[in-house]
């Protein structure tokens with residue numbers, strides 16, 4: 054998206070490079086569209102690479118000081134070099150049509166406006182990207198909460214962090230090995246698990262970054278497969294007894 058936008062024509066009062074900078078800044082800062090729209094040059098301190106979100110434009114009506122990524126701060130300083138202190142950081146009619154501008158640039162690289170769950174892509178998605186990317190890089194949840202400026206970590210985790218099936222599999226790989234004796238190479242080869250990590254054993258033919266609601270998991274030997282409910286037609290279902298005598302699920 055950023056590479057294609059950089060080379061694109063002017064839209065809604067912003068050049069391609071200016072829009073790419075705006076999208077980058079939005080994804081790094083977790084600012085809301087209304088805050089991005091109303092930022093002024095005087096809100097930036099390029100000597101200390103910080104930004105002040107004024108209470109008058111913040112959703113929670115509180116002043117907040119946020120750090121800037123150094124390279125992005127440098128690009129923003131160049132972008133606003135000739136602006137007056139009260140000039141909008143990103144002037145143009147995009148400030149009334151932010152979603153349309155973003156969707157137009159998404160079309161350059163074939164990103165759909167709506168995903169498979171009917172969710173529409175807009176500037177708020179870039180805010181969600183901030184939380185998810187920080188979480189994927191093992192940034193502690195309380196720190197992500199502070200960057201997102203949420204009242205509680207639970208709000209951040211519930212609504213903004215999107216973990217994929219692969220992310221969860223990698224997390225499970227950090228669990229200790231509970232087996233009293235590890236199987237030899239021949240046994241592992243027989244079960245098809247030799248040399249495979251949990252990530253490699255997950256069938257990720259579906260979009261692993263989408264919400265996995267509506268999927269259910271079936272165990273086939275040691276390999277986990279992801280199956281959509283509408284793909285179970287014609288599959289013979291069995292209900293074997295588990296060691297505890299309860300009915301389990303198998304395919």
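Numbering (the working numbering), first residue to last: 54 to 304.
Here a beta-carbon is modelled for each residue, glycine too, at the ideal position from N, C-alpha and C.
Given this structure, state the Cα-to-Cα distance separating residue 306 from residue 91, to the nearest angstrom.
Since the displayed the chain opens at 54 and closes at 304, residue 306 lies outside it and no answer follows.
Residue 319 to residue 96 span [Cα, whole Å]
Coverage of the chain is limited to positions 54 through 304, which leaves residue 319 absent and any answer about it impossible.
Using the Cα positions of residue 75 and residue 83, report the straight-line distance between them to the nearest angstrom.
As a working mapping, residue 75 is identified with position 22 in the chain shown. As a working mapping, residue 83 is identified with position 30 in the chain shown. Cα-Cα distance, rounded: 12 angstroms.
In the DSSP assignment, find the unbroken beta strand (DSSP E) run with residue 106 in it and report its ends.
On the chain shown, residue 106 is found 53 positions in, with the first residue counted as 1. Looking at the DSSP string, the run of the beta strand (DSSP E) that includes residue 106 is 103-106.
Looking only at its own chain, which residues have a Cβ that is under 8 angstroms from the Cβ of residue 57, when we skip the five neighbours before and after it?
Within the chain shown, numbered from 1, the residue matching residue 57 stands at position 4. Apart from sequence neighbours up to five positions away, the residues of its chain that approach residue 57 with a beta-carbon distance below 8 angstroms are 158, 161, 162, ordered along the chain.
Beta-carbon gap between residue 102 and residue 122 smaller than 9 angstroms:
In the chain shown, counting from the first residue as 1, residue 102 sits at position 49. In the chain shown, counting from the first residue as 1, residue 122 sits at position 69. When the beta-carbon positions are compared, residue 102 and residue 122 come within less than 9 angstroms of each other.
Residues that DSSP places opposite residue 148 in a beta bridge:
On the chain shown, residue 148 is found 95 positions in, with the first residue counted as 1. According to DSSP, which records beta bridges pairwise, residue 148 is partnered with nothing at all.
Can you tell me where the alpha helix (DSSP H) with residue 56 in it begins and where it stops?
In the chain shown, residue 56 corresponds to position 3, counting from 1. Per DSSP, residue 56 belongs to the alpha helix (DSSP H) from 55-59.
Boundaries of the alpha helix (DSSP H) in which residue 75 is found, first to last residue
For this step, residue 75 is matched to residue 22 along the chain shown. Going by DSSP, residue 75 is part of the alpha helix (DSSP H) stretching over 69-82.
Closer than 6 angstroms by C-beta to residue 167: which residues in its own chain qualify, once you throw out the five before and the five after it? Chain order, please.
Here residue 167 corresponds to residue number 114 of the chain shown, with the count starting at 1. Answer for residue 167: 173, listed in chain order.
Roughly how far, in whole angstroms, is the beta-carbon of residue 200 from the beta-carbon of residue 183, given that I think they are within contact range, below 8 angstroms?
By one-based count along the chain shown, residue 200 stands at place 147. By one-based count along the chain shown, residue 183 stands at place 130. The Cβ separation is near 7 angstroms, so the contact holds.
Out of curiosity, what's the CA-to-CA distance linking residue 88 and residue 234?
In the chain shown, counting from the first residue as 1, residue 88 sits at position 35. In the chain shown, counting from the first residue as 1, residue 234 sits at position 181. Using only the alpha carbons, I get a separation of about 57 angstroms.
Rounded C-beta distance between residue 128 and residue 65? I'm assuming under 8 angstroms.
Residue 128 sits at position 75 when you count from the first residue of the chain shown. Residue 65 sits at position 12 when you count from the first residue of the chain shown. 20 angstroms between Cβ atoms; not a contact.
Taking just the CA atoms, how far does residue 137 sit from residue 196?
Indexing the chain shown from 1 puts residue 196 at position 143. Indexing the chain shown from 1 puts residue 137 at position 84. Just so you know, the alpha carbons of residue 196 and residue 137 end up roughly 33 angstroms apart.
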